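Undergrad:
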Amino acid sequence: MRLHRSSPSTVTHLPRRGDRLRVLVVSESFLPQVNGVTNSVRRVLEHLAAEGHEAELVAPTGPATYAGFPVTICRGAHLPFYRDFRIGLETQRRLRAAMERFRPDVVHIASPATLGYQAARAAADLGIPTVAIYQTDLVGFADRYGIAGGTRAMSYLTRRIHTSVDRTLAPSTASLRQLEQMEVPGLGRWPRGVDLTQFDPACRDDELRRRLAPDGELLVGYVGRLAPEKELELLTHVDRLPGVRVVIVGGGPEEERLRALLPDAAFLGVLHGAELAAAYASLDVFVHTGRHETYCQAAQEALASGVPVVAPRAGGPIDVVDDGTAGYLYEPGNGAAMATYVRMLHENAPLRRRAAVAARRSVEGRSWAAVNALLVRHYREVVADRRAVRAARAA
Numbered sequence: 001m002r003l004h005r006s007s008p009s010t011v012t013h014l015p016r017r018g019d020r021l022r023v024l025v026v027s028e029s030f031l032p033q034v035n036g037v038t039n040s041v042r043r044v045l046e047h048l049a050a051e052g053h054e055a056e057l058v059a060p061t062g063p064a065t066y067a068g069f070p071v072t073i074c075r076g077a078h079l080p081f082y083r084d085f086r087i088g089l090e091t092q093r094r095l096r097a098a099m100e101r102f103r104p105d106v107v108h109i110a111s112p113a114t115l116g117y118q119a120a121r122a123a124a125d126l127g128i129p130t131v132a133i134y135q136t137d138l139v140g141f142a143d144r145y146g147i148a149g150g151t152r153a154m155s156y157l158t159r160r161i162h163t164s165v166d167r168t169l170a171p172s173t174a175s176l177r178q179l180e181q182m183e184v185p186g187l188g189r190w191p192r193g194v195d196l197t198q199f200d201p202a203c204r205d206d207e208l209r210r211r212l213a214p215d216g217e218l219l220v221g222y223v224g225r226l227a228p229e230k231e232l233e234l235l236t237h238v239d240r241l242p243g244v245r246v247v248i249v250g251g252g253p254e255e256e257r258l259r260a261l262l263p264d265a266a267f268l269g270v271l272h273g274a275e276l277a278a279a280y281a282s283l284d285v286f287v288h289t290g291r292h293e294t295y296c297q298a299a300q301e302a303l304a305s306g307v308p309v310v311a312p313r314a315g316g317p318i319d320v321v322d323d324g325t326a327g328y329l330y331e332p333g334n335g336a337a338m339a340t341y342v343r344m345l346h347e348n349a350p351l352r353r354r355a356a357v358a359a360r361r362s363v364e365g366r367s368w369a370a371v372n373a374l375l376v377r378h379y380r381e382v383v384a385d386r387r388a389v390r391a392a393r394a395a
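The sequence shown stops at residue 395 when you use UniProt numbering, and every number in between is there.
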């Protein structure tokens, strides 16, 4: 990370044309990692480019540029229990140098943890307003991995990070309640958008279905990381149902164990673009198992593809899935209840068809353009608030 330091303690903003913003995005993960954080950061950068704003990205991995904006690769390390995932470990001093060079109006901190915390401190030192995106339930993550003292440590870290920024945006009502209980101030709601062109029922691939279900089986799929916090062992309840075939899209440290648990399941690996869209639209039912989702973008993409969703009544799915219409919510951890809903949809084809139509309709107002326009309004509000505070102090 080649940065140049300068001496001022506050940033002098560069002149801009019109109302363009300069946004420094700091993300705990980016390409080639494929996860909710990476996908939302991509959409934010694409929106900023389309609207004529200026931006840069700091992340532990990534290409040289994205959406026409430069990407700075910071220091990082691999998690010992998840070698495919790299976290940022950049110093506050070097992040401050990046901010002094770019002179952003606002710093967008995506799913802050180690890197995000240092970025928040650096921005505070320079008087730059910050918007943090709460996207990873670190407390639930630590609890699921059984890290000694991890739950307390992650609760402390979450609160410390989010009390040091100007505004924290959470994707769901459940996440907002969680942060309110931690007494985090400055909360706002920012849901996730969905690409209604990419994810569409018309992407259904009949050849793929014939290959996966040669005897007309009901295709029940999961899309996402194969990691312990996803509680994917619950899929064994679905795998036992007659006339059902489980389809798994994704990769991660749990893959070998899951292949042993689900010997008849189809593992398609990590898919992108048209292949991913076809996999979604070719399913009959989408299932999610993990209870620690702050939003559950995969469920939303399934709904856009016209696929009913069965997911835990916890976290993001409570807002994402229209229970009883576009799918069903079950008690977290109750694999038998999940399987009961799948069996009901299997045995009642008219019900399944109605749920498929309702699924697509339920997300038609959730485009990324609308969602990211809301994000930019949040940017402008924190910038205006900080300028008002400066003016009051000067007066």
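Where is the CB? At the ideal position from N, CA and C, for every residue including glycine.
Computed from a predicted model, the values in this text were never measured in an experiment.
(1) Just to confirm the assignment, what range does the beta strand (DSSP E) spanning threonine 72 have?
(2) In whole angstroms, give me the CA-to-CA distance for histidine 108 and arginine 94.
(3) Are the CB atoms of valine 383 and aspartate 105 nearer to each other than 8 Å?
(4) What are the residues that DSSP puts in a beta bridge with phenylalanine 286?
(5) Taking DSSP's pairing of strands, which residues face threonine 294 in a bridge?
(6) Quick test of the definition: if touching needs 3 or more C-beta pairs under 8 Å, does the stretch 254-261 touch the stretch 272-283?
(7) Do you know offhand how far alanine 369's Cα is from glycine 193's?
(8) Taking only three categories from DSSP, how would you classify tyrosine 134?
(9) At a Cβ threshold of 8 Å, is glutamate 233 touching chain C?
(10) If contacts are defined as beta-carbon pairs under 8 Å, then valine 389 and tyrosine 341 qualify, I think. What distance do you get, rounded to the angstrom?
(11) Taking buried to mean at least 16 other C-beta atoms within 10 Å of its own C-beta, is glycine 62 buried or exposed?
(12) Leaving aside the five residues before and after glycine 188 along the sequence, list all residues of the same chain whose C-beta is less than 8 Å from its C-beta, in chain order.
(13) Beta carbon of arginine 177: closer than 7 Å to some heavy atom of the ligand NAP?
(14) Assuming valine 270 and glycine 250 make a contact with CB atoms under 8 Å, what is their CB distance in whole Å?
(15) May I ask you to list the residues that DSSP assigns as paired with threonine 168?
(16) When you compare each of Glu381, Arg393, Ala339 and Phe30 to leucine 218 by their alpha carbons, which one comes out closest?
(17) Closest by CA to histidine 292, which one among Pro32, Phe141 and Thr65?
(18) Cα separation between threonine 38 and isoleucine 73?
(19) If you count every other CB in all the chains shown that lies within 10 Å of the CB of threonine 91, and 16 or more means buried, which is it?
(20) For arginine 43, I'd like the list of residues in its chain whose CB is within less than 6 Å of its CB, leaving aside the five on either flank, ordered along the chain.
(21) Tell me, please, which residues DSSP counts as bridged to threonine 65.
(22) So what's phenylalanine 102 in DSSP terms, helix, strand or just coil?
(23) Is there contact here, the stretch 357-366 with the stretch 179-188, by at least three beta-carbon pairs under 8 Å?
(24) Can the beta-carbon of methionine 99 be found less than 8 Å from the beta-carbon of leucine 24?
(25) Can you find the residues in the same chain that come closer than 8 Å, C-beta to C-beta, to arginine 245, ignoring five residues on each side of it along the sequence?
(26) Which residues mark the beginning and the end of the alpha helix (DSSP H) in which glycine 335 is found?
(27) So, using beta-carbon positions, are aspartate 319 and serine 172 closer together than 8 Å?
(28) State yes or no: is the C-beta of asparagine 35 within less than 8 Å of the C-beta of arginine 225?
(29) In angstroms with no decimal places, state the Cα-to-Cα distance between glutamate 229 and glycine 290.
(30) Alpha carbons only, please: which of Thr158, Gly88, Gly127 and Val71 is nearest the one belonging to serine 29?
(31) Could you say which of Thr114, Ala123, Pro60 and Ala132 lies nearest to valine 376 if we only look at CA atoms?
(32) Can you tell me whether glutamate 254 is buried or exposed, with buried defined as 16 or more other CB within 10 angstroms of its CB?
(33) Do you know offhand how far alanine 337's Cα is from arginine 160's?
(34) Cα-Cα, which of Glu51, Thr136, Glu231 and Arg121 is closest to arginine 20?
(35) Decide if alanine 77 is buried, meaning its Cβ has at least 16 other Cβ atoms within 10 Å, or exposed.
TA: On the basis of the supplied data:
(1) Here residue 72 refers to the residue found at position 72 of the sequence shown. Run containing threonine 72: 69-73, per the beta strand (DSSP E) assignment.
(2) In the sequence shown, residue 108 corresponds to position 108, counting from 1. In the sequence shown, residue 94 corresponds to position 94, counting from 1. Spanning the alpha carbons of histidine 108 and arginine 94 requires a straight line of approximately 17 Å.
(3) Working through the sequence shown from its first residue, we reach residue 383 at position 383. Working through the sequence shown from its first residue, we reach residue 105 at position 105. Closer than 8 Å, so yes.
(4) Your numbering for residue 286 matches position 286 in the sequence shown. In DSSP, phenylalanine 286 forms a bridge with Gly221 and Val309.
(5) In the sequence shown, counting from the first residue as 1, residue 294 sits at position 294. Paired residue(s): none; threonine 294 is not in a bridge.
(6) Using a Cβ-Cβ distance cut-off of 8 Å, the stretch 254-261 and the stretch 272-283 are not in contact, since fewer than three pairs of beta carbons, one from each stretch, lie closer than that value.
(7) Your numbering for residue 369 matches position 369 in the sequence shown. Your numbering for residue 193 matches position 193 in the sequence shown. Their backbone Cα atoms lie some 8 Å apart in a straight line.
(8) Within the sequence shown, residue 134 is the residue found at index 134, counting from 1. Looking at tyrosine 134 - three-state DSSP - the assignment turns out to be coil, as it is neither helix nor strand.
(9) In the structure shown, chain C cannot be found, because there is only a single protein chain.
(10) Taking the first residue of the sequence shown as 1, we reach residue 389 at position 389. Taking the first residue of the sequence shown as 1, we reach residue 341 at position 341. The Cβ separation is near 51 Å, so there is no contact.
(11) Here residue 62 refers to the residue found at position 62 when the sequence shown is read from its first residue. Classification for glycine 62: buried.
(12) Mapped onto the sequence shown, residue 188 falls at position 188. Arg167, Thr168, Leu169, Ala170 and His378.
(13) No copy of the ligand NAP occurs in the structure displayed, which carries no ligand at all.
(14) Here residue 270 refers to the residue found at position 270 when the sequence shown is read from its first residue. Here residue 250 refers to the residue found at position 250 when the sequence shown is read from its first residue. So it is a contact: roughly 6 Å between Cβ atoms.
(15) As a working mapping, residue 168 is identified with position 168 in the sequence shown. Note: threonine 168 sits in a beta bridge opposite Ala132 and Leu187.
(16) Stepping through the sequence shown from its first residue, residue 218 is reached at position 218. Nearest option by C-alpha distance: Ala339.
(17) Locating residue 292 in the sequence shown gives position 292, counting from the first residue. Histidine 292 has its Cα closest to that of Phe141, out of Pro32, Phe141 and Thr65.
(18) As a first step, residue 38 is located in the sequence shown; it is residue number 38 there, counting from the start. As a first step, residue 73 is located in the sequence shown; it is residue number 73 there, counting from the start. Threonine 38 and isoleucine 73 have their alpha carbons spaced roughly 14 Å apart.
(19) Within the sequence shown, numbered from 1, the residue matching residue 91 stands at position 91. Exposed, since its Cβ has fewer than 16 Cβ neighbours within 10 Å.
(20) Along the sequence shown, one-based indexing puts residue 43 at 43. So the qualifying residues of the chain are Trp368.
(21) Position 65 of the sequence shown, counted from the start, is the residue given in the question as residue 65. Its beta-bridge partners are Pro70.
(22) As a working note, residue 102 is residue 102 in the sequence shown. In the structure shown, phenylalanine 102 sits in a helix (DSSP, three-state: H, G or I).
(23) By the Cβ criterion, the stretch 357-366 is not in contact with the stretch 179-188, since fewer than three pairs of Cβ atoms, one from each stretch, lie closer than 8 Å.
(24) Your numbering for residue 99 matches position 99 in the sequence shown. Your numbering for residue 24 matches position 24 in the sequence shown. For methionine 99 and leucine 24, yes; Cβs fall inside 8 Å.
(25) For the purposes of this step, residue 245 is identified with residue 245 of the sequence shown, where counting begins at 1. Taken in chain order, the residues that qualify are Leu212, Ala213, Glu217, Leu218, Leu219, Val220, Asp264, Ala265 and Ala266.
(26) Numbered from its first residue, the sequence shown carries residue 335 at position 335. Note, glycine 335: alpha helix (DSSP H), 335-347.
(27) Sequence index remark: in the sequence shown, residue 319 carries index 319 (1-based). Sequence index remark: in the sequence shown, residue 172 carries index 172 (1-based). Cβ atoms of aspartate 319 and serine 172: closer than 8 Å.
(28) Position 35 of the sequence shown, counted from the first residue, corresponds to residue 35. Position 225 of the sequence shown, counted from the first residue, corresponds to residue 225. It is a contact, given that the beta carbons lie within the stated cut-off.
(29) Here residue 229 is taken as the residue at index 229 of the sequence shown, counted from 1. Here residue 290 is taken as the residue at index 290 of the sequence shown, counted from 1. Rounded to whole angstroms, the separation of the alpha carbons of glycine 290 and glutamate 229 is 6 Å.
(30) Sequence index remark: in the sequence shown, residue 29 carries index 29 (1-based). Minimum Cα distance to serine 29 is reached at Gly88.
(31) Position 376 of the sequence shown holds residue 376. For the residues Thr114, Ala123, Pro60 and Ala132, the minimum Cα distance to valine 376 belongs to Ala132.
(32) Here the question's residue 254 lines up with position 254 in the sequence shown. Looking at its Cβ environment, which holds 16 or more other Cβ atoms inside 10 Å, glutamate 254 is buried.
(33) The residue labelled residue 337 in the question sits at position 337 within the sequence shown. The residue labelled residue 160 in the question sits at position 160 within the sequence shown. Taking the straight line joining both Cα atoms gives about 38 Å.
(34) In the sequence shown, residue 20 corresponds to position 20, counting from 1. Closest by alpha carbon: Glu51.
(35) Counting from one through the sequence shown, the residue named residue 77 turns up at place 77. It counts as exposed.
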